[in-house]
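Notes for the one structure printed next.
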Amino acid sequence: MDFVELEKQFTQLSRDCFLKLSEAESRLRKAIDEKFQELEANLEKEALVLENFEQEIGKEMASFRTALAEIKAEIQALKTTEEGIYLDELEAQLTREAETKLQPFLSEQKKKKADLGQKISVLKRELANFHKENNMRLIEEEKHFKNREAEFLRRLNIDLERKNEANIKAYSEYEKRLLLTDEEEEIAELKEKIKEIRIAGIRELKKIKEQYAFLQFENRLEFRKFSERIILENNLKAEETKFRVRALEAERRKTDLETESERQKAAFEIQKILLERERDAEMDKNKRLLENELAILELERKAAETEALSEQKRNSLGAEYRKEAAKYDQAKTAVRATLGDALSANAKETADLLVNHLQAYVKLFKKIMLSLLQEIEEESRAAHGRFQEYLWIARRGLPEEPAPKHVLNEFARLAEENFRARKQIYEDASAFLGREIAEIIFRIRNINAGLSVRRAQLKEREKNLFLGLRSLLEKGYREIEAKKSKQASVRSEFKQKQFLLQKEAARRNAEITDEYNRKLARLKTENAAFFEALKKEERGSIRDDRVFAKKSKKRQRELKRNFSVLIAQYEKELLAAYKNELKKNMNEEREIIKQL
118 MDFVELEKQF
128 TQLSRDCFLK
138 LSEAESRLRK
148 AIDEKFQELE
158 ANLEKEALVL
168 ENFEQEIGKE
178 MASFRTALAE
188 IKAEIQALKT
198 TEEGIYLDEL
208 EAQLTREAET
218 KLQPFLSEQK
228 KKKADLGQKI
238 SVLKRELANF
248 HKENNMRLIE
258 EEKHFKNREA
268 EFLRRLNIDL
278 ERKNEANIKA
288 YSEYEKRLLL
298 TDEEEEIAEL
308 KEKIKEIRIA
318 GIRELKKIKE
328 QYAFLQFENR
338 LEFRKFSERI
348 ILENNLKAEE
358 TKFRVRALEA
368 ERRKTDLETE
378 SERQKAAFEI
388 QKILLERERD
398 AEMDKNKRLL
408 ENELAILELE
418 RKAAETEALS
428 EQKRNSLGAE
438 YRKEAAKYDQ
448 AKTAVRATLG
458 DALSANAKET
468 ADLLVNHLQA
478 YVKLFKKIML
488 SLLQEIEEES
498 RAAHGRFQEY
508 LWIARRGLPE
518 EPAPKHVLNE
528 FARLAEENFR
538 ARKQIYEDAS
548 AFLGREIAEI
558 IFRIRNINAG
568 LSVRRAQLKE
578 REKNLFLGLR
588 SLLEKGYREI
598 EAKKSKQASV
608 RSEFKQKQFL
618 LQKEAARRNA
628 EITDEYNRKL
638 ARLKTENAAF
648 FEALKKEERG
658 SIRDDRVFAK
668 KSKKRQRELK
678 RNFSVLIAQY
688 EKELLAAYKN
698 ELKKNMNEER
708 EIIKQL
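Here it is as structure tokens:
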């Protein structure tokens, strides 16, 4: 065959091959378009079904949120409810009642203190009056004493003057006679007589002085005894009054202690009642707190159960949703799987055509074959990419659930592995064609058989691809279903919480009781210490009063003893003065007589 004929044959062969390839490609594209039209035709219908499920799930979610909001509002209202413990008003009331109860006793004690105060005032006034009267007596007696002193002095002078005049008169006759006589014997007798009379007169004067000196001695001694007795009476009266006042003051202190004791008893009872009320109020508060906490826990349990029931219902709807979506996706997978058969059939038809034309033009065969193989792979990739857009699991995930990315990634990985394997097959085919070109005439049957094997491998790969896709879809939906089916029971958990709340309330009750016992013990200790201090004060007062009484009696004895000692001492001093006066008078008498 010449070149022109060969060219014609090549042209004819090429035209025939082109036409047949075009027809095969048209049929393949038509088959592919029909499958995707079938997928797209069901998409709206599937969307309506799934949207109904979405609406039901949305309604259930809205209902759950409304119920949950109401429960949360109740919980918040319970949490903000708090009651305080107010004991000030109770303490004021108890204080008023105690004052009312103590009023008769306090009035009696007040009256008793007033009486004691009046008695003390009376004693002090009596003492003042006694001192005043005694002092007036002393002043009056001092006047009498001074008057007597003056009277004694006046009478002494009168008696002395009279006695002296009488004495002079007694010896004046003898002096006259003495002037008239010249007889010595008579003169001597007269002088002797005058001397005797004068000496007798001097001795009479001395007696008069001694008499008045004794009267003054007695007068001064009596006045001193009187004045010292007044002082003694004043001091004794003062001591006696002090003693009696001290006794009345002790009685008044005892009254004060009795009043303080009764007030303390009332205060103790008030504080004890307040502690009991505080304990009871704390117990009641703790009880209400437990009831409140249990009510909150019950609401929380109700909320949890509401959420669990809502989630169960939503899961049920979601399961139906996923069931439908899985059914649709599996159906799409089955539709997509038929595309592999179309591609394999087209590949076989085209391969047979090329094998038949291979003898005519090997190079063209190789080129066309390689181009065909490359085009097939590209079309498969493009079809696979379009196919993913029709899967619900890849399109937008599920309502309120993220798309299972690991499933999509696994899907992409599986497809990529498949395409890499296909590419390797295509490369093997190219190498195979290269080796067989030289012997194409002799190995056409082998080539056809070899291509048949590889077409079978391609078909198997396509089958494996969609079997893997189906498995991945099933796995993805199972994982979602398994996740939704995991619901823990909340009842046992809330029973445990209820037990812990009751246990905590019992612990708080124990703390309240312990605190009450501690405060009551401290109150009793303080009360006992108060009464011990009162008793100590009372014992101290009694001891001081006894010491005072003992000292007062001692002072009275000392006053009486000192009075006797003082009078004796003064009498001794006056007696010495009196004796000195007598001695003085005697000396004067001797001097006067001696001068005679």
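Per the numbering used here, the sequence shown runs over residues 118 to 713. For each residue, glycine too, the CB sits at the ideal point set by N, CA and C. Given the structure is predicted, the values throughout are model-derived calculations rather than measurements.
Cutoff 6 angstroms; reference residue i; Cβ partners in own chain excluding five residues on either side
i, result
"E357", "none"
"E368", "L233"
"T128", "none"
"L582", "N535"
"I237", "V362, L365"
"R272", "none"
"E655", "L374"
"T183", "none"
Beta-carbon separation (whole angstroms), residue i vs residue j, contact threshold 8 angstroms
i, j, result
"E377", "L651", "6 angstroms"
"R320", "E706", "7 angstroms"
"L640", "Q235", "Not really, about 39 angstroms apart at Cβ, beyond 8 angstroms."
"K286", "L322", "That belief does not hold up - the Cβ atoms of K286 and L322 are roughly 14 angstroms apart, past 8 angstroms."
"F343", "E258", "5 angstroms"
"L219", "A383", "6 angstroms"
"E327", "N697", "No, E327 and N697 are not in contact; Cβ-Cβ is about 12 angstroms, not under 8 angstroms."
"L277", "I325", "6 angstroms"
"L244", "A317", "Their Cβ separation, rounded to whole angstroms, is 59 angstroms, which puts L244 and A317 out of contact at 8 angstroms."
"Q619", "L407", "7 angstroms"
"I710", "R341", "With a Cβ gap of about 35 angstroms, I710 and R341 do not count as contacting."
"N644", "F385", "5 angstroms"
"L490", "Y543", "4 angstroms"
Sequence-distant residues of the same chain with beta carbon closer than 8 angstroms to residue i, five excluded per side
i, result
"E191", "L416"
"T372", "Q226, K229, K230, L233"
"I311", "Y288, Y291, E292, L295"
"I275", "none"
"Q613", "none"
"K603", "Residue placement at K603 cannot be trusted, given a pLDDT of 43 that sits under 50; what the coordinates show is reported in the next sentence. So no residue of the chain qualifies."
"N403", "A622, R625, N626, I629"
Own chain partners of residue i with C-beta closer than 7 angstroms, once the 5 adjacent residues on each side are dropped
i, result
"L676", "L349, N352, L353"
"E496", "none"
"A538", "R578"
"E688", "L338"
"E303", "none"
"R92", "One cannot answer for residue 92 here, as it falls past the ends of the chain, which runs 118 to 713."
"E379", "L219, F222"
"M400", "N626, I629"
Residue environment, residue i, which counts as buried when at least 16 other CB atoms sit within 10 Å
i, result
"N535", "buried"
"N284", "buried"
"N94", "Given that the chain is displayed from residue 118 to residue 713, the structure contains no residue 94 and the question cannot be resolved."
"T467", "buried"
"E163", "buried"
"K668", "exposed"
"H523", "exposed"
"A186", "exposed"
"E301", "exposed"
"I256", "exposed"
"E410", "buried"
"A693", "exposed"
"L307", "buried"
"Y135", "For clarity, residue 135 is Phe in the given sequence; the question names Tyr instead. Per the 10 Å Cβ criterion, exposed."
"F616", "exposed"
"L584", "exposed"
"E177", "buried"
8 angstroms Cβ cutoff, residue i in contact with chain D
i, result
"E257", "Checking the listed chains, one finds no chain D in this structure; it contains a single protein chain."
Stretch-stretch touch, CB-based, cutoff 8 angstroms, three pairs: the stretch 328 to 337 with the stretch 220 to 230: no
Is it the case that the stretch 203 to 218 contacts the stretch 338 to 351, given that we only count it when at least three CB pairs across the two stretches are under 8 angstroms? no
So, do the stretch 622 to 641 and the stretch 382 to 396 have three or more beta carbon pairs nearer to each other than 8 angstroms? yes
I'd like to know if the stretch 652 to 665 and the stretch 360 to 367 are in contact, where contact means that at least 3 CB-CB pairs between them fall below 8 angstroms. Of all C-beta pairs linking the stretch 652 to 665 to the stretch 360 to 367, three or more are shorter than 8 angstroms, placing the two stretches in contact.
Report the start-end ranges of each alpha helix (DSSP H) in the stretch 256 to 312 that is 4 residues or longer and not cut off at the edges. Uninterrupted alpha helix (DSSP H) stretches at least 4 residues long and entirely within the stretch 256 to 312 do not occur.
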